[in-house]
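The block underneath contains the structure these notes are about, expressed in structure tokens.
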Amino acid sequence: MINRLNRLTFASYKTFLLLGFMGLNFLLTGVDVLMAHSQNDFFRWELIPLIYSPLAVLAIIAQLVFKPNDAVKRMFQTVMWIGVIVGVAGTFFHLTGNATSSRESLHHLLIEGSPIAAPIAFAGISSYALASQHYQGTARRSKLLILVGLGFLGAVVAAFLDHARLGFEPIYTLIPLVTGTLATVSCFYMAYGQGNQTETYIYLSILTLNMLVGLLGFGFHVLGDLAGTQTIILARFLYRNPLLGPLLFCNLALLGALSLLPESAMTFDKVRNARRMNF
Amino acid sequence: MPKTRRMVTILGIGTILIVALLFLTYHFVIGPKGLSTSLPTLSAATQGENKACVECHQKDNPGIVQQYHDSKHSGRGVQCLDCHRPVTGQETLAKEHYKVSLISAPTPKNCAQCHEKVVNEFEASNHAAKSWYSVEGAKNFTPEELAKNHLLDAKGQPINGGNANPVFNLIGKDASAQSCEVCHAIGQKNRDGSFGDCTKCHLRHTFEVAQARKPETCGQCHLGPDHPHIEIYNESAHGAYYQANKESYKMDAPSGTLTVKDFPAPTCATCHMSAFGSVKGTHNVGERLKWSLQPEIAKVRENGDKNRETLNAICLNCHTSSFIKDNQAKAEMNINLTNQNVMKGKAIVDDLRNTGLLGTKPLSDPLDFVYFELWHHEGRRARYGAVMGAADYVNWHGIYEQNKALVELQAKADELKAKH
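In order, the protein sequence lines correspond to chains A and B. Read in the numbering used here, the first sequence has 50 at position 32, and its numbers run on one by one without any break. Read in the numbering used here, the second sequence has 181 at position 173, and its numbers run on one by one without any break.
Spelled out as structure tokens, the structure:
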């Protein structure tokens, strides 16, 4: 099946697919932040990701439409680097937003209050978009897999902090920690070596498992938010069992699979041209 | 080692190591028994005018600075001047303080900059203008304010003739300033045209939601002979559960998310204000109540039945529909009984007054006090006890006392009539 896939001409569409998927990621993340920050009337810095998200989507669309244009490319890269800054700054704001000057437990700082692992998603998506656009060939495959691995690690940390609120009860709240960690390690493994066919199957099986875990988690989160409440209350979906949290595993599983799509072959001419440009 | 087996080994060992690391981190670092630290907040120490405020008041009033540091406001970057800077309509309240224009006591208008919906709900409640009116009457109200806050009767006149409460006149202004007005200031008239003082429940400068959700906070004012809500709550099954298990209540759970997992039995806020189960939160404390129980004759509120449906949706989180209906039906019978007792007492007093055997000045005769307490104390106590589940207040502090008062009133009335 893998060989059959490799024979298909995905290579020329890979960048388009990856960047398009990143645009969708920015859009959904923006909607999630819009709902969350609306609860605080978008106080001060909370507007930053909301201004940034549509900007990032536009930058990706522009890059896809006007690909050969250098000005558009520079603008795209600038916007994506801003995304990295937005992600890091957001993490800092969430952390300090949970803090007071009094001595308090790390439990309060990291687990209660604003989700500290959430804003870094902007940095992750931006980095993935930058790598998708900047690199070609096996170097890109490797870098994308590392980024997906880091994404899985972030998802594991987010699930860890979220489920720590419940003291990891019931026991099935441990499932995403184990499957997410397995996916993290397998992404790094695949990034640092050319996996054979069996290894690729194992890797894809792990991604499929995470896809299923994400869907299952989504179901559990929805049921948990609705339990005994007879109606939908937005705040509960934002603060109790975050709706988009488990879907992050599905998202990353898809990204992991997309990263494996065949790269365009580096022809002798391309290699020579690249060398000329470097020396 | 074959390559595939090597992969499986690496994945297995790597996963076990990372998951183990996560659990060690939980157990020793970020779990409930983990480490503590101090992390500077964004707002307190780092920025401009706020830094100057904090530094100076740190020396003069360290308590308020500490409370501010401990607040969610501080963590979120809300600075001193965000609340203390005058907004439109507060020009006359503003003072120069080290070349900065500020107001010393922010009003709901300042809070409304961020919490507009909450302030609107509060201003529509009896906690706002009506609470203030019930002390001093219409004295400080403009006609527009009386109309806007539904303080006019059917004839367009201020309710209760616009008079101050007879108890206010009885005890005098100085005593009232340290008693009635302290609690009723929750609806105080501010010089910027707003009514209310948010800090009566959300004590400055922490403004904690957790503290506002605790029954003890409501009990600051809702206690004593005429509205012993905190005592009634503590006597009820809800209160007994709270007293035994209050450590397990998640008082600071995010607004809008509360379920029985956070509040296994209700506090005052659960029934009257909080978003709970399917019910949205409100700062209009009467929005879920069918009856208005505090007047001489208890009456059904406008939208009373709709209000009760809202309340029942909260009760249904723990009780069956039949249990709720049964309890409410019993409570309504006792509310009607208190109304009948009040009407009997009123008939006796009115008869004496019409025949000239009682003076016209309020609370000037012992019989005035007997009748006043018949509705203002015993009547209310029995009604509140009935709807909140406190048996002692329905009988011994309520209906029993009302019946005793009626016998006393009738005996005194007969005695007065016999003399004349």
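All C-beta atoms, glycine included, are put in the ideal place defined by N, C-alpha and C. All values reported here derive from a predicted model rather than from experimental measurement.
| field | Separation of B/G294 from B/E381, as counted between CA atoms | value | 24 Å
| task | Could you please tell me which residues of the region 66 to 97 of chain B, in chain order, have their CB closer than 7 Å to any CB of chain A? | result | H77, D78, S82, G83, R84, G85
| said: Strictly under 9 Å for the Cβ-Cβ distance: is B/T267 near chain A by that measure? | reply: yes
| field | According to DSSP, residues forming a beta bridge with B/S44 | value | A/S123
| Distance between B/F215 and B/S202 (C-alpha atoms, nearest Å) | 19 Å
| field | Residues near B/H158 in its chain [Cβ-Cβ closer than 8 Å; skip 5 each side] | value | K138
| CB of A/G232 within 9 Å of CB of A/A176, strictly | no
| query | Would a check of beta-carbon distances place B/S46 closer than 9 Å to chain A? | reply | yes
| task | Determine the DSSP secondary structure at B/S184, reduced to helix, strand or coil. | result | helix
| Is B/P262 helix, strand or coil when you go by DSSP? | coil
| Of the residues that make up the region 22 to 46 of chain B, which ones have a beta carbon closer than 7 Å to any beta carbon in chain A? | G22, T23, I26, V27, L30, Y34, V37, I38, G39, P40, G42, L43, S44, T45, S46
| task | Sort A/R92, A/D88, A/A136 by Cα distance to A/F110 and report the nearest one. | result | A/A136
| Listing by chain order, which chain B residues have their CB less than 7 Å from the CB of A/Y207? | M15, I18, L19
| query | By DSSP, does B/E104 sit in helix, in strand, or in coil? | reply | strand
| message | Rounded to whole angstroms, what is the Cα-Cα separation between A/L35 and A/L273? | response | 10 Å
| said: I'd like to know whether the C-beta of A/N116 is nearer than 9 Å to at least one C-beta of chain B. | reply: yes
| By the 10 Å Cβ neighbour count, where 16 or more other Cβ atoms means buried, how is B/N292 classified, buried or exposed? | buried
| field | Assigned exposure category for A/N296 - 16 Cβ within 10 Å defines buried | value | Because A/N296 carries a pLDDT of 40, less than 50, the predicted location of this residue cannot be relied on, and the following value inherits that uncertainty. The residue in question, A/N296, is exposed, as its Cβ has fewer than 16 Cβ neighbours within 10 Å.
| message | I believe B/S44 touches A/E122 by the beta-carbon criterion, under 8 Å. Please report the beta-carbon distance rounded to the nearest angstrom. | response | 6 Å
| query | Assuming A/G172 and A/S144 make a contact with CB atoms under 8 Å, what is their CB distance in whole Å? | reply | About 13 Å separates the two Cβ atoms, so there is no contact after all.
| message | In this structure, how does DSSP classify B/K163 when only helix, strand and coil are distinguished? | response | coil
| query | What does B/V287 pair with, by DSSP beta-bridge criteria? | reply | B/F284
| query | Whose Cβ in chain A lies nearer than 9 Å to the Cβ of B/A1? | reply | Outside the shown range of chain B, which is 9 to 428, sits residue 1 of chain B, and nothing can be said about it.
| Name the chain B residues that come within less than 9 Å of A/T216, Cβ to Cβ? | K11, T12, M15
| request: Using a Cβ-Cβ cut-off of less than 7 Å, give me the residues of the region 123 to 138 of chain A that come near chain B, in sequence order. | output: S123, L124, H125, L127, L128, I129
| message | My output table needs one value for B/S329: the three-state DSSP class, helix, strand or coil. | response | helix
| In chain order, what residues of the same chain have a beta carbon less than 7 Å from the beta carbon of B/Q66, not counting five sequence neighbours either side? | V73
| request: Going by CA-CA distance only, name the one from B/A185, B/M341, B/V287, B/T115 that's closest to B/N315. | output: B/V287
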